[in-house]
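Trainee:
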Amino acid sequence: MNDFTWTLTQLRRFKELGVDLQNTPADFSTQAERDKLFQQIEKKHVKADREKLSDFLIQGEKSHMESLMKKLAQALFQQGFTQVTTPTIITKAALAKMTVDADHPLFRQVYWINKKQCLRPMLAPNLYSLMVDFSRLRHRPIRFFEMGSCFRKESDGARHNSEFTMLNLVEMGLAQENRLARLKELATIIAKTAGLNDFKFETENSKVYGSTLDVVAGPGSIEVASGAMGPHPLDIPWGITDTWVGVGFGIERLLMTSMGDTSIGKWGKSLSYFNGIRL
Ligand code: ATP
Ligand code: MG
């Protein structure tokens, strides 16, 4: 055993650069020897990243995130879903209608822009509002989804961003007995389209829905989605009586798990990383 191991700063830098240390010595007899190898590895990776970034800009492509969102939308169009876009700013009243009021744990995570308005912490309030309007139509099932930014004050940085992207789909007016199978089918379509093969379903306690069917992925069992079914007690204030299934996926969590990463930093909206490359 030698006396010198990587410093925390060096390890952090390796992580930023996505360096795999498996075949690299972990300890050194002198500090100079360690720092020399650090510089060599850093230089090699920075150069490779620059080339990747340059290739990417020259070719003019979609980022991983944009192309994943496009693929997911395409997969849902094939299932007969319609894409909607709703406001990012929502009202305190809409949140309260989801039982998210001052006593609710999620309430503390909300970014308020004034006394009555906030940045949406989830898509559900807007989608509920559309469910009310769409349920007046005669045909069933009614299928729609949104992909858009949501905002939450979070303390755990490894799996959370304060601004993240949710894909939330809803299918209304299906046979009661088919709900669970359909929910799993739709969640499977999304997970597989995102390139996840290693995922499973788990029943979880939810702050908003009471109980959810979650999709967890990879060896770290990272939650990538939560799904729910109606009729549900939350439907009552909205006056919704239809059956429904719905599921919300975190796009960044899908990206991170499909890339085999266990931290979200590189995959979210960022000015420090672009397309997983450290800037
Ligand atoms: P967690 O328990 O991991 O904090 P959650 O159960 O509070 O997540 P949901 O309200 O179920 O999250 O949101 C649906 C999905 O949105 C989650 O499964 C996750 O993929 C994603 N998500 C939620 N919060 C964040 C966040 N802060 N950053 C990135 N993705 C998130
Ligand atoms: Mg959840």
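So the working numbering is basically just the index in the sequence shown, starting at one, shifted up by 25. Glycine included, C-beta positions come from ideal geometry on N, C-alpha and C. Computed from a prediction, not measured in an experiment: that's the story for all the values here.
1. Are Leu279 and Val249 close, meaning C-beta to C-beta below 8 Å?
2. Could you round the C-beta distance between Asn186 and Gly293 to whole angstroms and report it? I think they count as a contact, below 8 Å.
3. On the DSSP bridge assignment, give the partners of Trp269 in chain order.
4. For the ligand ATP, is there a heavy atom less than 7 Å away from the beta-carbon of Met191?
5. Could you check the C-alpha separation between Gly255 and Thr110 for me, to the nearest Å?
6. Quick one: using the 10 Å Cβ neighbour count with 16 as the cut-off for buried, is Tyr153 buried or exposed?
7. Let me check you understand the geometry: is the CB of Asp60 closer than 7 Å to at least one non-hydrogen atom of the ligand MG?
8. Put Gln2 into one of helix, strand or coil per three-state DSSP.
9. Counting C-beta neighbours from all protein chains within 10 Å, is the total for Gly235 16 or more, i.e. buried, or is it exposed?
10. If you reduce the DSSP assignment to three classes, tell me which class Tyr298 lands in.
11. Please classify Thr49 as buried or exposed, where buried requires at least 16 neighbouring CB atoms within 10 angstroms.
12. Along the chain, which unbroken stretches of the beta strand (DSSP E) at least 3 residues long are found entirely within the region 151 to 239?
13. Do the region 131 to 149 and the region 225 to 234 make contact, defined as three or more Cβ pairs closer than 8 Å?
14. Let me know the secondary structure DSSP gives Trp263 once reduced to three states.
15. Alpha carbon to alpha carbon, how far is Met94 from Phe29?
16. Which of helix, strand or coil does DSSP assign to Trp292?
17. According to the neighbour-count rule (16 or more other Cβ atoms, all chains shown, within 10 Å of its Cβ), is Gly271 buried or exposed?
18. Within 10 Å of its beta-carbon, does Arg163 have 16 or more other beta-carbons around it, so buried, or fewer, so exposed?
19. Please name the residue in Asn139, Leu97, Gly220 and Gln56 whose C-alpha comes closest to that of Asn193.
20. Tell me where the alpha helix (DSSP H) around Ile66 begins and ends.
21. Apply the 10 Å Cβ neighbour rule to Asp349 and answer buried if 16 or more other Cβ atoms are within range, or exposed otherwise.
22. For a test of your reading of the model: does the CB of Asn186 fall under 7 Å from any non-hydrogen atom of the ligand ATP? Yes or no.
23. What's the C-alpha gap between Gly275 and Phe189?
24. So is Gly301 buried or exposed if we call it buried at 16+ other beta carbons inside 10 Å?
Mentor: On the basis of the data shown:
1. For the purposes of this step, residue 279 is identified with residue 254 of the sequence shown, where counting begins at 1. For the purposes of this step, residue 249 is identified with residue 224 of the sequence shown, where counting begins at 1. For Leu279 and Val249, yes; Cβs fall inside 8 Å.
2. As a position in the sequence shown, residue 186 is number 161, starting the count at 1. As a position in the sequence shown, residue 293 is number 268, starting the count at 1. The Cβ separation is near 4 Å, so the contact holds.
3. Your numbering for residue 269 matches position 244 in the sequence shown. Beta-bridge pairing links Trp269 to Met197 and Gly255.
4. Within the sequence shown, the letter at position 166 stands for residue 191. Yes, Cβ of Met191 sits closer than 7 Å to a heavy atom of the ligand ATP.
5. Taking the first residue of the sequence shown as position 1, residue 255 is located at position 230. Taking the first residue of the sequence shown as position 1, residue 110 is located at position 85. Taking the straight line from one Cα to the other gives about 22 Å.
6. Locating residue 153 in the sequence shown gives position 128, counting from the first residue. With 16 or more other Cβ atoms within 10 Å, it is buried.
7. What you label residue 60 is simply residue 35 of the sequence shown in a count that begins at 1. No, the ligand MG has no heavy atom inside 7 Å of this Cβ.
8. Any answer about residue 2 is impossible in this case: the structure gives the chain only from 26 up to 304.
9. Numbered from 1 along the sequence shown, position 210 holds the residue referred to as residue 235. The residue in question, Gly235, is exposed, as its Cβ has fewer than 16 Cβ neighbours within 10 Å.
10. By one-based count along the sequence shown, residue 298 stands at place 273. It is a strand residue.
11. Here residue 49 refers to the residue found at position 24 when the sequence shown is read from its first residue. By the 10 Å Cβ count, Thr49 comes out exposed.
12. 167 to 176, 188 to 197 and 224 to 231
13. yes
14. Start at 1 with the first residue of the sequence shown, and residue 263 comes out as number 238. Trp263 falls in the helix class under three-state DSSP.
15. As a working note, residue 94 is residue 69 in the sequence shown. As a working note, residue 29 is residue 4 in the sequence shown. Taking the straight line joining both Cα atoms gives about 45 Å.
16. In the sequence shown, residue 292 corresponds to position 267, counting from 1. Helix.
17. Here the question's residue 271 lines up with position 246 in the sequence shown. With 16 or more other Cβ atoms from the protein chains shown falling within 10 Å of its own Cβ, Gly271 counts as buried.
18. Walking along the sequence shown from the start, residue 163 turns up at place 138. With fewer than 16 Cβ atoms within 10 Å of its Cβ, Arg163 is classed as exposed.
19. The residue given as residue 193 occupies position 168 in the sequence shown. Relative to Asn193, the option among Asn139, Leu97, Gly220 and Gln56 whose CA is nearest is Leu97.
20. As a first step, residue 66 must be located in the sequence shown, where it is residue number 41. From DSSP, the alpha helix (DSSP H) with Ile66 extends over Gln56 to Gln84.
21. This structure cannot speak to residue 349, because the chain is shown only from 26 to 304.
22. Start at 1 with the first residue of the sequence shown, and residue 186 comes out as number 161. Asn186 has its CB nearer than 7 Å to a heavy atom of the ligand ATP.
23. What you label residue 275 is simply residue 250 of the sequence shown in a count that begins at 1. What you label residue 189 is simply residue 164 of the sequence shown in a count that begins at 1. Here the alpha carbon of Gly275 sits roughly 7 Å from the alpha carbon of Phe189.
24. On the sequence shown, position 276 is the one that residue 301 refers to. Classification of Gly301: buried, given that the 10 Å Cβ count is 16 or more.
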